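Structure, as structure tokens:
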Amino acid sequence: MGNKVIKGTATGAIALATFGVANGATVQADEVVKPSTSLSSDVTAPKEHNIKVLDGVLLTKDGAAVTTTPTEKTVEEAHGIKQQADQAVTDQAGKVAESAQIEANSQKAVEDATAKVAEAEKNKAAATPDAIAQAEKGVADTQKEIAQNQKASDTAANATQKATDAATTQKQAVEQAQKGVEAGQKAVDTAKKGVDTAKAALNGTGEQKALDEQKAANKSLEDAKKAESDATQKLAAAKKADADRHTQIKDLKDQATAQSKTATDTATDAAAKKVADSAAKADVNTAKKAVETAQAALDGTGAQKVLDEQKAAEKALSDAKTKEVETAQKLDEAKKADADRDAKIKDLTAKETEQAVAKTDAENALAEAKKNAEAKKAAKEAAEAKRDALQKELDAKKKLSTITVPQYVIDAYKKYLASDQLDADKDVLQEAFNKWIEEGAYDIERYGNVPIDPSTVDPAHMTREQAKALTQYYAHLVTAVRRQIWGTNVKTYTTEEAMDYVQKVAEAYAKENKPWSSGHSHTALAAGERPSSKLTWITENIAGMSSRTTTMTEMYRFIAGKIIDMIVNDYYSDFGHTKNMISGDQYDDVIGVASSVTPNGLGRMHYVGFSDKYAGQALPDPYDTTQLEKDLAQAESDFQAALTAFNEANGVLTAKQAAFDAAHQALSTTQSELATVRNQALQTPSAEMAHRAAVATRTSAETRKASADKAVANLNASIQEKQVALQKAQAVLAVKEEAAQKAATALREAETKAMEAQQMLNATKAKLAALTGVKDATPEANEALEKATTARKDAQARKDAADKAVANLNASIKEKQAALRTAEQALTAAENNLATLKASKASEDAKLVAAEQTVAAAKAVEAKLVAERAVLEGKLKDQQNLLAMYKNADKLLGEAVKEQLVASAKHKEAVAKTLEARSKLAELLRDQRDANSQYEAVKKAYEEWLASKKAAEEKAQALSMRQTAKPMTTSKKIRPTIHSSYIYSRADKQLPQTGEKGSWLALIGMGILASLSFGVRRKRGRRG
């Protein structure tokens, strides 16, 4: 029976000749025979492959056949071949993707280029003369709009700067107003403190507080004076430091000016030396060419070269002459531009000088106007404070309650007096009084406005000033009553003499220590008489009073109540107290009021009347508003005059401020223009250098041309003449080389000097920048001194107030009352001034808001113009592009066509490369399939071999165990037969996993059996 090779199934199983496993089922051969390399008719012959084919492996169109039992090394090598094939496919796939992307990009480029050609053809068709003219007009119109926009932008920028300067000035005014408000608030706080101190002094309290305040004020003043002295010294030091620095700056500026000239001169010289050096090098080159030409002429070679050099020299000379003419024109233009620049600088400098003087004059006028306005403001505030204080005093006095007598009381009283004081009329009068009582006669005592004075009063020891104050209040109320009855020609008043007298009477009553029932004491009433005076008492009314300590306010209320009481409650005294007070209409009354308290505690208030004949000079009625109203009217007139003067001064100040701002702005604008012009670099030096270089180039070109002409002429000369020409050329070259060396040396020296000069200038500029970068210390020191001076003034005012408060501790009641009134007036004035300052601050704030709004509006206009400029520039760019496109339509079309051809060629190349890459990938994929087939076949065969070996070992072990039980014969040996022909068929299923780790140690332990092949013969009956 012939050989039979088992083919692998589509599942990729491997069939062993002796036994095998395929899809889990055992496959056995009909018989085991000697290995053979011949294949059956259904196995295709091997073909050429790109991968390495291992020994014992045959690659077919359908897969791989294993003909020799593989080893572990064979499996590993097959795996490596597979990995290489896999990597090659991966790499080539990337190249295919890259080629495909390049192809797509090139296709896009072709499409874009085609579109550009179409667009260029369209533009060429549109580029008619009319279209070009229209485009040129559009460009010109837009340029004109841009110029107008620039002019408007410059105007807007100036407006913005003016508005910004005005806002800055107004901000300073607001800050100054705020300082005024703060100072005004401080003055109010100080005035309030003064009122509190005056009240405390009047109340008899706060003595220790006043002393402590005086001590603290003294210490505060000492500290403030020291701080002011230190600030003064610091200001002097700051002024000196600033002056020294400004002197240094001036010196450095002068130094920089000189050094700048030196640097410019040396740089100019270096530039000139550079031109000379370049010319010398050009001469050397020309001389070298002359030598080469002469040598070539002598050698009989280089005729064409000589002719070419002559032609080149002619062109070089022509170009040099053209360049020289151009540089000469530019030099003339530069000189004119620099002359215009110098003339403008001169004009602007003169203008700056004039405007600086105008600014100084405006500044001086502004300072004078400020000084005058401040003086007028102070006068206005003083007049306003005086007016407000008088108004407050008048309001307070007018608020005081008076006694208003009903007409029916007046009529009844007059009838009673005219009827010899009959009982009937007496009763009628009392009924009138009763009616008045019912209508509120005592309201003044209960609810009326009386003078407020919280100072304490001891009726047993009432001071003269307190008694005088009560007497004046009594006289004021009684005078008002009498004038309602008798007319305005009568009055009741007091004098110093009357007060002296009543004080003696009160003391006498107290000493007598008599009970209330003792009535009037003539002895006590006579106690005030003196030999040097004829003054004596005429009437006396006595009212009972409490002996306890009270306040002056309560005493005023007591006086008012007792006046009413002595009028309406005097029926049983036949209205004697009433008549003593009201008296008649023929004369004035002099009164003195004082209190007495006996040792037994009986309190009396004595109202002693005197004749005005010997009573002395009348004391003014402190509650009479007649003079106060006159003073207030005058104060109002003075205030209006001061206000008018203040407003006029403010108007002048506003005008002067506007004039100064205008002068300052004009000077700033001129200085800015001057700085701009001065910063414009001079054009003449660089133009001169360019012209010198052009002249040198032209001169060198002439020399070259002359040499070239001589060389051409020398072509037909004799040998001797050619030798002479060569010698001359060599001599000229030597001279030129020596001149070039000198020029190079001179250039190096000039460049060194220029560099050193520039370094010195840079160092000076650095010093100047460092000094100019330092902020002046004087303004800050001056501000610190102003604050220190203000603090010292405040401390002085505090000390004065504290000293006054301490001195006021021992003052009389009247003086303390006056001090309180003065303090209250000062507080009123300070509050009014603060209100004015706040109103002024609010006005300045409003002005600042308006100024800032103006700045914002100006900036908005400027921003709008900038935006319009951007739109116009974009429009101009588009128009210029369109015009250029029209004018270059033919050129652009040619370029577009050229680009299209290039893009098409690149696309064609990219397509070819992509096809080549894909073809290569297909080949590598085939290689990959071969490598996978080989690896899987080898791997499967090796695994099958391992399995068969294991099965053989297990069978051999079982046989060995049977032979141990039954002796074996030695007449017959088992000869192992090997059949190791395997086939792996590729069925396009997933390949087995590679790289799996196996337990190779188990196989190493079977080394002896590794070289054996075993098989099992199964006998079968022969067929027919």
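Numbering (mature numbering (1 follows the signal peptide of the UniProt record, and there is no 0)), first residue to last: -24 to -1, 1 to 1000. Every residue, glycine too, gets a C-beta built ideally from N, C-alpha and C. Because the structure is a prediction, the values reported are computed rather than measured.
Assigned exposure category for residue i - 16 Cβ within 10 Å defines buried
{"i": "His553", "result": "buried"}
{"i": "Ala345", "result": "buried"}
{"i": "Asn809", "result": "buried"}
{"i": "Arg724", "result": "exposed"}
{"i": "Tyr450", "result": "buried"}
{"i": "Leu935", "result": "exposed"}
{"i": "Lys37", "result": "exposed"}
{"i": "Gly156", "result": "buried"}
{"i": "Glu415", "result": "exposed"}
{"i": "Lys362", "result": "buried"}
{"i": "Met937", "result": "exposed"}
{"i": "Gly585", "result": "buried"}
{"i": "Leu977", "result": "Interpretation of Leu977 is limited by its pLDDT of 33, a score under 50 that renders its predicted location unreliable; the figure taken from the coordinates is listed afterwards. Exposed, since its Cβ has fewer than 16 Cβ neighbours within 10 Å."}
{"i": "Gly182", "result": "buried"}
{"i": "Arg674", "result": "buried"}
{"i": "Leu824", "result": "buried"}
Nearest-angstrom beta carbon gap, residue j and residue i [assumed within contact, 8 Å]
{"i": "Asp561", "j": "Trp462", "result": "4 Å"}
{"i": "Tyr911", "j": "Lys49", "result": "13 Å between Cβ atoms; not a contact."}
{"i": "Ser395", "j": "Ile514", "result": "About 24 Å; that fails the 8 Å criterion."}
{"i": "Lys185", "j": "Ala176", "result": "7 Å"}
{"i": "Leu453", "j": "Thr526", "result": "With 8 Å as the limit, Leu453 and Thr526 do not qualify as a contact, their Cβ atoms being about 19 Å apart."}
{"i": "Gln801", "j": "Ala365", "result": "4 Å"}
{"i": "Tyr532", "j": "Gln406", "result": "So it is not a contact: roughly 28 Å between Cβ atoms."}
{"i": "Thr529", "j": "Pro427", "result": "7 Å"}
{"i": "Thr754", "j": "Asp218", "result": "5 Å"}
Short Cβ contact (9 Å threshold) for residue i with residue j
{"i": "Ala672", "j": "Ser294", "result": "no"}
{"i": "Ala827", "j": "Ala143", "result": "yes"}
{"i": "Gln460", "j": "Thr380", "result": "yes"}
{"i": "Ala684", "j": "Ala123", "result": "no"}
{"i": "Glu649", "j": "Leu324", "result": "yes"}
{"i": "Glu838", "j": "Thr118", "result": "no"}
{"i": "Ala663", "j": "Thr145", "result": "no"}
{"i": "Gly520", "j": "Gly579", "result": "yes"}
{"i": "Leu747", "j": "Gln224", "result": "yes"}
{"i": "Ala468", "j": "Ile567", "result": "The sequence given here has Thr at residue 468, not Ala. Yes, Cβ-Cβ distance for Thr468 and Ile567 is below 9 Å."}
{"i": "Gln190", "j": "Ala778", "result": "yes"}
{"i": "Ala657", "j": "Lys249", "result": "no"}
{"i": "Ala139", "j": "Ala742", "result": "no"}
{"i": "Glu328", "j": "Leu643", "result": "yes"}
{"i": "Lys718", "j": "Ala256", "result": "yes"}
{"i": "Thr447", "j": "Val478", "result": "yes"}
{"i": "Ala715", "j": "Asp259", "result": "yes"}
Helix, strand or coil at residue i [DSSP, three-state]
{"i": "Glu516", "result": "strand"}
{"i": "Ala860", "result": "helix"}
{"i": "Val750", "result": "coil"}
{"i": "Met581", "result": "strand"}
{"i": "Met736", "result": "helix"}
{"i": "Gly39", "result": "strand"}
{"i": "Met438", "result": "coil"}
{"i": "Ser572", "result": "strand"}
{"i": "Ala611", "result": "helix"}
{"i": "Tyr477", "result": "helix"}
{"i": "Asp588", "result": "coil"}
{"i": "Tyr911", "result": "helix"}
{"i": "Ala594", "result": "strand"}
{"i": "Ala443", "result": "helix"}
{"i": "Tyr918", "result": "helix"}
{"i": "residue 1003", "result": "Here the chain covers residues -24 to 1000 and nothing more, so residue 1003 does not appear."}
The ligand MG heavy atom lying under 8 Å from the CB of residue i
{"i": "Lys916", "result": "The model depicted lacks the ligand MG and carries no ligand whatsoever."}
CB contact below 9 Å: residue i versus chain B
{"i": "Gly424", "result": "In summary, chain B is missing from the structure at hand, where a single protein chain is found."}
*In chain order, which beta strand (DSSP E) runs of at least 3 residues are fully inside the stretch 542 to 570?*
Secondary structure within the stretch 542 to 570: not one fully enclosed beta strand (DSSP E) run of 3 or more consecutive residues is present.
*Those runs of the beta strand (DSSP E) which lie wholly inside the stretch 784 to 833 and span at least 3 residues*: None, since the stretch 784 to 833 contains no complete beta strand (DSSP E) of that length.
*Ignoring anything shorter than 4 residues or poking outside the stretch 129 to 188, list the alpha helix (DSSP H) runs there in chain order.*
Entirely contained in the stretch 129 to 188, not one alpha helix (DSSP H) run reaches 4 residues.
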